[in-house]
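Engineer: Handing you a structure now.
There are 2 protein chains.
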Amino acid sequence: MSITPSLSRRLDGLQSSAIRDLLKLTERPEVIGLAGGLPDEQLMPRDRIALAAEAALADRSRLQYTQSAGWGPLREVLATRESVRLRRAVPIEEVFVTHGSQQALSLLGEVLLDPGALVVVEDPAYVGALQVFRAAGARIVAVPLDAEGMRTDALSELLERGERPAVVHTVSNFHNPRGVTMSPGRRRELAYLADRYGFWVIEDDPYGELWFDNPSPEPVAIYSPNVIRLSSASKILAPSLRAGWMVAPNAVCRGVELLKQGADLCGSALTQQITAELLADTDWLGAHVDKIRRIYGERAGALVGAIRERFGDRVVSSEAGGGMFVWAEFADGTDTAELLPRAVDHGVAYVPGSAFAVSTDYRTAMRLCFTTSEAPVLREAVDRLACAIDA
Amino acid sequence: MSITPSLSRRLDGLQSSAIRDLLKLTERPEVIGLAGGLPDEQLMPRDRIALAAEAALADRSRLQYTQSAGWGPLREVLATRESVRLRRAVPIEEVFVTHGSQQALSLLGEVLLDPGALVVVEDPAYVGALQVFRAAGARIVAVPLDAEGMRTDALSELLERGERPAVVHTVSNFHNPRGVTMSPGRRRELAYLADRYGFWVIEDDPYGELWFDNPSPEPVAIYSPNVIRLSSASKILAPSLRAGWMVAPNAVCRGVELLKQGADLCGSALTQQITAELLADTDWLGAHVDKIRRIYGERAGALVGAIRERFGDRVVSSEAGGGMFVWAEFADGTDTAELLPRAVDHGVAYVPGSAFAVSTDYRTAMRLCFTTSEAPVLREAVDRLACAIDA
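Just so you know, the protein sequences line up as chains A and S, in that order.
Note that the working numbering has the first sequence beginning at 1, numbered continuously upward.
Note that the working numbering has the second sequence beginning at 392, numbered continuously upward.
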């Protein structure tokens, strides 16, 4: 009478008590929390969502079960958006709505991976992707990131050595946690390798619209049919709509559809109509996303500026051209996991780089989330961090 | 570049093109659809949901990510409800909110089952459960149902023969598709066997509140700590709230929690607050559920009455004391899968018994859903069925 032995093993792999304990600490109100990964709820379009909810509820069928692939009109809006982004007519059959893009990742793990299959991830990695690939029993190999995103030369070497991944996962824009964006050249190279060696690329893109000064490059998916694109309304509208989506070949969508039926039957026609209405109102949406860009951009600038001013050459920080995170590495060997309890004592929290490590330990790195604090608070956070180091 | 070979095999197992094709036919407006399994959207409390949505949106944190185990206040409301139902104080740690109860079933499949584990289901079976257990790679053995629910004598024989299930799944009240409710004696027997042989019972109970004349018996879970109870707001409030829940020992809930993080991170604080508000308003809820009971009860009575009047001894129908379905079997050997195209031509659709078959073929049975048609329409449906048979 217990959970299964194999699950116990898998759960051991999933548990990350260090981060869990940390997140509890950061709930203390006196601690400036740069550890979380949440969008700012003050910027979520509550009034617009309330109006859309009212409109959705005018039709009782929004209360009923809906299609497993998603409420039709939302898929149409997404097909229109993605057609622009991908510069081709994306048919609705290639658009699949999921319960946040994490569900797309999780169902794709089942559709594309047999146990023991090779998955290439970026190092440092998005932890939610690692969780999915580990649960699928995949063999995980990491390729490092640099300022231009995934080191496709390292991927190419892997492939030349005879490694044959089933899937290569990338957070192409404003990487979580590394902050970087894959350059157009690397995108073309990744797509070329996918076509040549026959693997799927999962282009996980929740942050692509949150650019500050320069729009994100064209998606990897523009260069190859072997790319599955994931995105979400969580970062531009609100996480509680739980609206993620996938653009993928029809065969992949149909596989995901059958698994979705077993997983949870379908999503919510109510929250999907709200999402559709907001995404379809392109004038409103443009202004809304511009506002998020401006505010997040100011915050990112304040954080990176304060880090450079305070630490100079002692810390190397990512550029923060968009997204939600800055990745900062101590050049002097400071161990961020060791520093953390002192940092929390001084009233600031972050996630140590080791939490995202696959092959490299990232012992001297940390992820800082700038979305939920205003500029003066972020500057204060950096001051507190400096005090913690000197303590 | 394809979906995995093992998935192809699993998908083959999941596909049921006969039912799929059928559901397409029943979308024709001239066909009276008794094939679906949907609650009546006219009875869903739209205005109350709209008010609750407005109230929920007053707090911006309802737009944010929430806990994987569910929004705290919803878990508290559920703990209170289940404490009454289970006649013990259910702690919040034993309540877990899922994206419909199908997700609870699916995550439990991962938590409780290793590939090859034995799962006992009822025959005929709830198709969504079969889908989950097949996807988990379980070995499935069926135990027949009779008018008192699961034949625990047959289960007992299995166990005496040395079979050791990890899980026994039952739809204890108003079975889908079989319509029957497990008697109190059988419940005690099932619980006794679970304790003696050490297996989990999953008591899948989405219909328990939809009784017409006599309240459902006390849950199986009252008789043993080895019972995991599942239920849902879909049948009493609205499916698009996607609010299901599980009451289970803390260790099971924590296993499900880690898997939920990988599956979709969390549910929607927005729809969960709406659900909590409606479930907590017990006076309103009592009157609302009474109304559904009265209307569904009238419809069920009309359907069963018309079947008996039209077919006499030729058809044996379940009693329809609650829930959403009547199970009717032709005593004269009529093959319901063969009859179906003629029935659709005559403007009535149902699901042939074979769609729910595990060990027995149920060739002469059919499932009829009475929730979405008014009494005269149900009588007309039975007339059309009689014409189809005589055609």
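Using N, Cα and C, we set each Cβ at its ideal position, and we do this for glycine too.
Keep in mind the model is a prediction, meaning the values are calculated, not measured.
Here's the rule: buried if 16 or more other CB atoms are within 10 angstroms of the residue's CB, otherwise exposed. What is Pro556 (chain S)?
Structural biologist: Buried: at least 16 other Cβ atoms inside 10 Å.
Engineer: Examine chain A for any beta-carbon lying closer than 8 angstroms to the beta-carbon of Met791 (chain S), and answer yes or no.
Structural biologist: No answer is possible for residue 791 (chain S): the residues shown for chain S start at 392 and end at 782.
Engineer: At what residue ranges does the region 50–114 of chain A contain a whole run of the alpha helix (DSSP H), taking only runs of 4 or more?
Structural biologist: Entirely contained in the region 50–114 of chain A, the alpha helix (DSSP H) runs reaching 4 residues are, in chain order, 72–86 and 101–112.
Engineer: Residues in its own chain within less than 6 angstroms of Met324 (chain A) by CB, not counting five upstream and five downstream?
Structural biologist: Counting only Cβ-Cβ distances below 6 angstroms, and skipping sequence neighbours, we find Cys369 and Thr371.
Engineer: Any idea what DSSP makes of Asp281 (chain A), helix, strand or coil?
Structural biologist: The answer is coil: DSSP assigns Asp281 (chain A) none of H, G, I, E or B.
Engineer: Does Glu54 (chain A) have its Cβ less than 8 angstroms from a Cβ in chain S?
Structural biologist: It does: the Cβ of Glu54 (chain A) has a partner Cβ on chain S nearer than 8 angstroms.
Engineer: Residues of the region 58–83 of chain A with a CB closer than 8 angstroms to any CB of chain S: list them in chain order, please.
Structural biologist: So the list reads Arg60, Ser61, Arg62, Leu63, Gln64, Tyr65 and Thr66, given in the order they occur along the chain.
Engineer: Who are the neighbours of Ala248 (chain A) on chain S, taking C-beta pairs under 7 angstroms?
Structural biologist: Neighbours of Ala248 (chain A) on chain S: none; closest Cβ ~11 angstroms, over 7 angstroms.
Engineer: For Ser745 (chain S), which residues from the same chain have a beta carbon less than 7 angstroms from its beta carbon, with the 5 sequence-adjacent residues on both sides left out?
Structural biologist: Correct list, in chain order: Ala728, Asp752, Tyr753 and Arg754.
Engineer: When the Cα of Ser157 (chain A) is compared with those of A:Leu278, A:Pro144, A:Ala343 and A:Glu298, which residue comes out closest?
Structural biologist: The identity of residue 157 (chain A) in the sequence shown is Glu, whereas the question assumes Ser. Of the candidates A:Leu278, A:Pro144, A:Ala343 and A:Glu298, the one whose C-alpha sits nearest the C-alpha of Glu157 (chain A) is A:Pro144.
Engineer: Give the single residue among S:Gln493, S:Ala642 and S:Leu731 whose Cα lies nearest to the Cα of Leu521 (chain S).
Structural biologist: Minimum Cα distance to Leu521 (chain S) is reached at S:Gln493.
Engineer: Can you list the beta strand (DSSP E) stretches of 3 or more residues lying completely in the region 496–565 of chain S, in chain order?
Structural biologist: Listed in chain order, the complete beta strand (DSSP E) runs (minimum 3 residues) inside the region 496–565 of chain S are 509–514, 530–537 and 558–561.
Engineer: With three or more C-beta pairs closer than 8 angstroms as the rule, is the region 254–269 of chain A touching the region 490–504 of chain S?
Structural biologist: The region 490–504 of chain S vs the region 254–269 of chain A: in contact.
Engineer: Report the partner residues of Phe325 (chain A) according to the DSSP bridge assignment.
Structural biologist: Paired residue(s): A:Cys369.
Engineer: Quick one, which of A:Leu112, A:Ser234, A:Glu110 and A:Pro73 has its alpha-carbon nearest Val95 (chain A)'s?
Structural biologist: It is A:Pro73.
Engineer: How long is the line joining the alpha carbons of Leu661 (chain S) and Thr471 (chain S), rounded to whole angstroms?
Structural biologist: Distance between the alpha carbons of Leu661 (chain S) and Thr471 (chain S) is about 21 angstroms.
Engineer: State yes or no: is the C-beta of Pro568 (chain S) within less than 8 angstroms of the C-beta of Ala748 (chain S)?
Structural biologist: Cβ atoms of Pro568 (chain S) and Ala748 (chain S): not closer than 8 angstroms.
Engineer: Would you list the residues sitting across from Ile627 (chain S) in a DSSP beta bridge?
Structural biologist: DSSP output for Ile627 (chain S) lists no bridge partner at all.
Engineer: Locate the alpha helix (DSSP H) running through Glu421 (chain S), then write down its first and last residues.
Structural biologist: Neither: Glu421 (chain S) is in no alpha helix (DSSP H) and is coded neither H nor E.
Engineer: I need the straight-line Cα distance from Gly692 (chain S) to Leu621 (chain S), nearest angstrom please.
Structural biologist: The straight-line gap from Cα to Cα measures roughly 27 angstroms.
Engineer: Quick one: Cα of Leu118 (chain A) to Cα of Trp327 (chain A), how far?
Structural biologist: Their Cα atoms are separated by approximately 27 angstroms.
Engineer: Measuring alpha carbon to alpha carbon, tell me which of S:Leu694, S:Trp675, S:Val559 and S:Gly519 ends up nearest Leu259 (chain A).
Structural biologist: Per the Cα distances, S:Gly519.
Engineer: Any idea what DSSP makes of Pro376 (chain A), helix, strand or coil?
Structural biologist: Looking at Pro376 (chain A) - three-state DSSP - the assignment turns out to be helix.
Engineer: Name the DSSP beta bridge partners of Phe721 (chain S), please?
Structural biologist: Answer is S:Val706.
Engineer: Go ahead and label Glu30 (chain A) buried or exposed: buried means 16 or more other beta carbons lie within 10 angstroms of its beta carbon, across all protein chains shown.
Structural biologist: Flag for Glu30 (chain A) reads exposed.
Engineer: Quick one: give me the first and last residue of the beta strand (DSSP E) that Ala191 (chain A) is part of.
Structural biologist: Ala191 (chain A) -> not in any beta strand (DSSP E); alpha helix (DSSP H) instead, spanning Pro184 to Tyr197.
Engineer: What is the C-beta distance between Val773 (chain S) and Ile686 (chain S), in whole angstroms, given that I count them as a contact (C-beta under 8 angstroms)?
Structural biologist: Actually they do not touch by this definition, with Cβ atoms about 19 angstroms apart.
Engineer: Between which two residues does the beta strand (DSSP E) holding Ala634 (chain S) run?
Structural biologist: Its beta strand (DSSP E) spans residues Ala634 to Val638.
Engineer: My understanding is that Glu594 (chain S) touches Val571 (chain S), with C-beta atoms under 8 angstroms, so please give their C-beta distance in whole angstroms.
Structural biologist: Not a contact, Cβ separation roughly 15 angstroms.
Engineer: Given Arg701 (chain S), which residues of its chain have a CB within under 6 angstroms of its CB, disregarding the five upstream and five downstream residues?
Structural biologist: Closer than 6 angstroms at Cβ, skipping near neighbours: Val773 and Ala777.
Engineer: Run down chain S in chain order and give the residues with a C-beta less than 8 angstroms from the C-beta of Glu41 (chain A).
Structural biologist: By Cβ distance, chain S contributes Arg451, Ser452, Leu454 and Gln455.
Engineer: For Arg242 (chain A), would you say it is in contact with chain S, using Cβ-to-Cβ distances shorter than 8 angstroms as the test?
Structural biologist: Taking Cβ atoms only, chain S reaches closer than 8 angstroms to Arg242 (chain A), which makes this a yes.
Engineer: Does the Cβ of Gln406 (chain S) have 16 or more other Cβ atoms within 10 Å, making it buried, or fewer, making it exposed?
Structural biologist: Here Gln406 (chain S) scores only 49 on pLDDT, less than 50, and its place in the model should not be relied on; the value that follows carries that caveat. Counting Cβ neighbours within 10 Å, Gln406 (chain S) comes out exposed, since fewer than 16 surround it.
Engineer: Kindly give me the distance between the Cβ atoms of Val695 (chain S) and Ile423 (chain S), rounded to whole angstroms, as I take these residues to be in contact under 8 angstroms.
Structural biologist: Not really, about 16 angstroms apart at Cβ, beyond 8 angstroms.
Engineer: Looking at the secondary structure, which residues open and close the beta strand (DSSP E) in which Val592 (chain S) lies?
Structural biologist: Residues Trp591 to Asp595.
Engineer: Helix, strand or coil for Arg754 (chain S) per DSSP?
Structural biologist: Arg754 (chain S): coil per DSSP, three-state reduction.
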